[in-house]
Every structure is written in C-alpha cells, then in structure tokens.
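Those protein sequences? They're chains A and B, same order as listed.
Just so you know, numbering that gives the first Met the number 0 puts 140 at position 141 of the first sequence, and the rest follows in order with no gaps.
Just so you know, numbering that gives the first Met the number 0 puts 30 at position 31 of the second sequence, and the rest follows in order with no gaps.
Beta carbons are placed, not taken as given, at the ideal position from N, Cα and C, and that holds for glycine.
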Amino acid sequence: MQIGVITFPGSLDDRDAQRAVRLAGAEPVALWHGEHDLRGVDAIVLPGGFSYCDYLRCGAIAAHSPIMSEVIDAANAGMPVLGICNGFQMLAEAHLLPGGLVRNDHGNFICRDQLLRVENTTTAWTTAFEPSAEIVIPLKNGEGGFIASAEELARLEGEGQVAFRYLGVNPNGSMNDIAGVSNARGNVVGLMPHPEHATEPGFGPDTAAAMRSGVDGLLFFTSVMRALVESA
Amino acid sequence: MPTIVVEVMPKAELLDPQGKAVAGALARLGKTGFTGVRIGKRFEITVDGPVTDAVLAEVRELADDMFSNSVIEDVVSVHVSGATVETTGVAGETH
Numbered sequence: 000m001q002i003g004v005i006t007f008p009g010s011l012d013d014r015d016a017q018r019a020v021r022l023a024g025a026e027p028v029a030l031w032h033g034e035h036d037l038r039g040v041d042a043i044v045l046p047g048g049f050s051y052c053d054y055l056r057c058g059a060i061a062a063h064s065p066i067m068s069e070v071i072d073a074a075n076a077g078m079p080v081l082g083i084c085n086g087f088q089m090l091a092e093a094h095l096l097p098g099g100l101v102r103n104d105h106g107n108f109i110c111r112d113q114l115l116r117v118e119n120t121t122t123a124w125t126t127a128f129e130p131s132a133e134i135v136i137p138l139k140n141g142e143g144g145f146i147a148s149a150e151e152l153a154r155l156e157g158e159g160q161v162a163f164r165y166l167g168v169n170p171n172g173s174m175n176d177i178a179g180v181s182n183a184r185g186n187v188v189g190l191m192p193h194p195e196h197a198t199e200p201g202f203g204p205d206t207a208a209a210m211r212s213g214v215d216g217l218l219f220f221t222s223v224m225r226a227l228v229e230s231a
Numbered sequence: 000m001p002t003i004v005v006e007v008m009p010k011a012e013l014l015d016p017q018g019k020a021v022a023g024a025l026a027r028l029g030k031t032g033f034t035g036v037r038i039g040k041r042f043e044i045t046v047d048g049p050v051t052d053a054v055l056a057e058v059r060e061l062a063d064d065m066f067s068n069s070v071i072e073d074v075v076s077v078h079v080s081g082a083t084v085e086t087t088g089v090a091g092e093t094h
C-alpha cells in the first residue's frame with residue numbers, strides 16, 4: 000500500500016508525514032509539486048509548512064501547482080486525500096474542501112498540544128477512531144481560523160462534514176470550534192493540527208501515562224489503510 | 000505598458016487582525032480621530048499590449064479565481080490604472 004506525500008516549495012513536514020506513513024505500516028512515496036505524476040499511489044497527504052512563504056494567501060499558490068490537477072481528479076474519483084495545516088489550506092483553496100482559513104483571531108502564532116474530538120468516524124481518515132474519541136495532537140499555525148458562511152456552516156454541521164472539533168480551548172477563533180472538515184464523500188479530509196507529529200512513542204505529546212508518549216495521530220494513517228483494504 | 004489594478008478586501012463581517020493591530024497602534028500614538036483600520040490588497044497587473052474587453056474580462060476572472068478567495072475576501076475594484084474607476088458594488092468607494 001503506497002501513500003504519496005507531496006512536497007511543495009516551503010513544505011516543512013513532508014518527511015514527518017512520510018515517517019508517519021511508514022510507522023503505520025504503509026509505504027511512503029515522495030511526490031513533487033511540479034510534476035503531473037501521482038506515481039500510482041493509493042492515497043495522498045498534503046503536508047504542513049509555509050508553501051510560497053504564505054504569499055497571496057496560505058496555500059493559494061500551491062493550490063495551482065501542476066500536480067494539483069491530478070490531485071483534484073483523483074480526489075473527485077474517490078482517492079483518499081489528507082491535508083494537514085498548510086495542506087488543509089491548499090485543499091480549501093482548491094475547492095476540494097469547504098470553508099476558508101484566516102489569521103488567528105488573537106493575531107499570534109500558536110503552538111500547543113491540542114485536545115480534539117473526532118466528530119465523524121466514517122471518513123477515509125477516521126474509521127479507526129471510536130465515535131466521539133478525544134485525542135491530543137500538536138497544533139502550530141498562525142492562520143488556522145476556520146470560517147464559512149452561516150448557511151455553509153449549518154450544512155457542514157447537518158451533514159456530518161465537521162470531522163474534528165477543538166475541545167477545552169479554541170486556539171484560533173475557528174467558527175463552531177472546527178479543527179477539521181471533510182468533503183461530502185468523506186475521502187478528502189483537512190485539519191489544522193498535525194497528526195504526523197503524534198505517531199511514535201518518545202516524540203509525541205505528553206499523556207497521563209508518560210512524557211511524549213502520545214500516538215493518537217497514528218490512527219489517521221491506519222484508518223486510511225483500512226479504508227483502502229475495504230475498497231479494494 | 001498599461002496596468003490593470005485589482006483591489007481585494009477581507010469580507011466586512013470578518014475580523015481583520017492586521018487592521019485591528021494597526022488601529023491599536025494609532026490609539027497608542029494618540030490618534031484618536033480614527034475609529035478603525037482594515038487592510039486589503041492591491042494587485043497591479045502589467046499588460047503586454049492594449050487593454051481590450053477580453054483582457055479585462057480575463058483579469059476579472061483571475062481576480063475571482065486566484066487573486067481573491069470568495070470565502071474570505073471581496074474583489075472591490077478592477078480598473079485600468081488612470082482610467083475611471085469601475086467598482087463592483089461597494090457603496091461609498093472613491094478613488
């Protein structure tokens with residue numbers, strides 16, 4: 000099972016995402032933004048970072064990259080696609096996901112281990128979670144405020160497209176505490192927090208059990224492997 | 000060479016943290032006569048050749064599809080630099 004991770008100019012967490020894929024038991028495949036080639040992968044991760052220095056709008060220029068035409072076609076055909084942080088911003092800019100991301104309401108960059116609730120465990124990237132599971136994964140962004148029109152927000156809530164919600168603290172002013180959303184089909188998911196940074200004991204968030212032992216992010220990747228096996 | 004100007008602003012109902020920060024600085028400087036600051040973007044697109052209706056239409060399309068994101072921003076003006084301003088329905092816009 001091969002999961003592609005696309006590197007854009009300014010991607011930071013592409014190698015971390017590859018590592019997470021490997022830890023979950025799949026084979027990571029490095030993909031390049033400037034090519035029209037998905038190399039036959041079964042799923043795609045758009046990693047975090049600051050593509051094009053966040054010029055124009057976060058993710059906006061990367062959303063027009065050559066490889067994005069293949070990503071859009073694959074996503075529309077049902078291939079699982081996960082956008083993390085800057086990758087989420089790209090998917091929103093590419094209209095593969097609803098809503099938009101704006102500067103944090105407090106104006107500051109924020110970095111913290113963030114408590115989330117998994118609101119939809121039927122998407123390609125969340126089936127391994129228990130319904131309403133509460134998880135902790137790192138969050139680090141300056142422009143993570145999720146917004147949508149009132150009508151769109153009501154539709155997302157009504158149709159189960161809110162995939163993750165911030166618990167305890169709303170770190171950036173996101174409407175309805177939304178941390179991540181999916182498309183209607185559930186194969187495309189985006190979120191601001193970083194599951195790839197909570198996949199290996201010793202390198203994740205602190206838990207009650209031990210320092211840096213949090214691996215809640217691993218279940219994103221085992222979810223997609225399960226989804227791919229079931230659809231095969 | 001002619002230049003087409005595109006102006007984009009964050010949606011009025013959205014908090015503009017940049018503008019808010021600048022407004023805070025004005026207040027600290029004792030500039031009490033101002034009640035708010037909002038910060039948007041101005042694009043100057045240099046055209047290779049005359050600005051025809053087709054070129055303007057192409058820039059309007061780019062303004063909607065790339066220069067702005069309609070979820071968070073409004074295109075408030077697309078006009079040829081130096082020409083009469085063509086606004087897109089924002090009340091009170093003057094240049």
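Would you kindly work out how many angstroms separate the C-alpha atoms of residue i and residue j, rounded to a whole number?
i        : j        : result
A/Leu95  : A/Ile71  : 7 Å
A/Glu199 : B/Val79  : 56 Å
A/Asn169 : B/Leu13  : 17 Å
A/Gly106 : A/Gln88  : 18 Å
B/Gly102 : A/Ala73  : Residue 102 of chain B cannot be examined here, being either before or after the span of chain B that is shown, 0 to 94.
B/Val50  : B/Pro1   : 7 Å
A/Ala209 : A/Thr126 : 26 Å
A/Ala147 : A/Arg164 : 15 Å
A/Ala42  : A/Val80  : 6 Å
B/Gly35  : A/Ala29  : 47 Å
A/Gly234 : A/Pro46  : Only positions 0 to 231 of chain A appear in the structure, and residue 234 of chain A is not among them; the question remains open.
A/Asp36  : A/Pro65  : 9 Å
A/Asp112 : A/Val214 : 12 Å
Please name the residue in the options whose C-alpha comes closest to that of residue i.
i        : options                                   : result
B/Arg37  : B/Pro16, B/Ser76, B/Ile3 and B/Gly81      : B/Pro16
A/Asn85  : A/Cys52, A/Met78, A/Ile134 and A/Leu30    : A/Cys52
A/Thr221 : A/Thr206, A/Pro194 and A/Gly201           : A/Pro194
A/Asn186 : A/Thr121, A/Met210 and A/Glu34            : A/Thr121
A/Asn182 : A/Gly9, A/Ala29, A/Asp41 and A/Arg154     : A/Arg154
A/Asp13  : A/Cys110, A/His32 and A/Ile177            : A/His32
A/Gly77  : A/Gly24, A/Val188, A/Pro204 and A/Val214  : A/Val188
A/Cys110 : A/Asn140, A/Gly82, A/Pro130 and A/Ala207  : A/Asn140
A/Gly24  : A/Ala231, A/Leu217 and A/Ser230           : A/Leu217
A/Leu152 : A/Asp112, A/Arg164, A/Pro204 and A/Asn175 : A/Asn175
A/Glu92  : A/Ser68, A/His35 and A/Asp36              : A/Ser68
A/Ser131 : A/Arg116, A/Gly213 and A/Leu138           : A/Arg116
Who are the Cβ neighbours of residue i in its own chain at under 7 Å, not counting the five residues just before and after it?
i        : result
A/Pro27  : Ile2, Val4, Gln17, Val20 and Arg21
A/Leu114 : Glu133, Val135, Leu166 and Gly167
B/Gly39  : Glu6, Val7, Met8 and Pro9
A/Gly9   : Gly48, Phe49, Ser50, Tyr51 and Cys52
Residue j and residue i - do their beta-carbons sit closer together than 8 Å?
i        : j        : result
B/Val7   : B/Ser67  : yes
A/Ala162 : A/Asn103 : no
A/Gly172 : A/Met191 : no
A/Phe128 : A/Gly98  : no
A/Val228 : A/Trp124 : no
A/Leu100 : A/Gly143 : yes
B/Met65  : A/His196 : no
B/Arg41  : B/Val4   : yes
For residue i, I'd like the list of residues in its chain whose CB is within less than 8 Å of its CB, leaving aside the five on either flank, ordered along the chain.
i        : result
B/Ala90  : In this predicted model, B/Ala90 has a pLDDT of only 41, less than 50, meaning its place in the structure is not dependable enough to derive any value.
B/Asp63  : Ser69 and Val74
A/Arg211 : Pro200, Gly201, Phe202, Gly203, Pro204 and Asp205
A/Ile60  : Ser50, Tyr51 and Tyr54
Here's a check: name, in chain order, each residue in its chain whose Cβ is nearer than 6 Å to the Cβ of residue i, leaving out the five neighbours to either side.
i        : result
A/Phe219 : Trp124 and Pro194
B/Thr45  : Met0 and Thr2
Heavy atom of the ligand FAD less than 7 Å from the Cβ of residue i, yes or no?
i        : result
A/His196 : The model depicted lacks the ligand FAD and carries no ligand whatsoever.
Residues of the segment 84–102 of chain A whose Cβ lies closer than 9 Å to any Cβ of chain B, in chain order: Ala91, Glu92, Pro97, Gly98, Gly99, Leu100, Val101 and Arg102
Under 8 Å (Cβ pairs) to chain B, residues found in the segment 53–78 of chain A: Leu55, Arg56, Ala59 and His63
Interface positions of the segment 140–161 of chain A facing chain B (Cβ-Cβ less than 9 Å), listed along the chain: Gly144, Ile146, Ala147, Ser148 and Glu151
Contacting positions in the segment 13–26 of chain B - beta carbon closer than 9 Å to chain A: Leu13, Leu14, Asp15, Pro16, Gln17, Lys19 and Ala20
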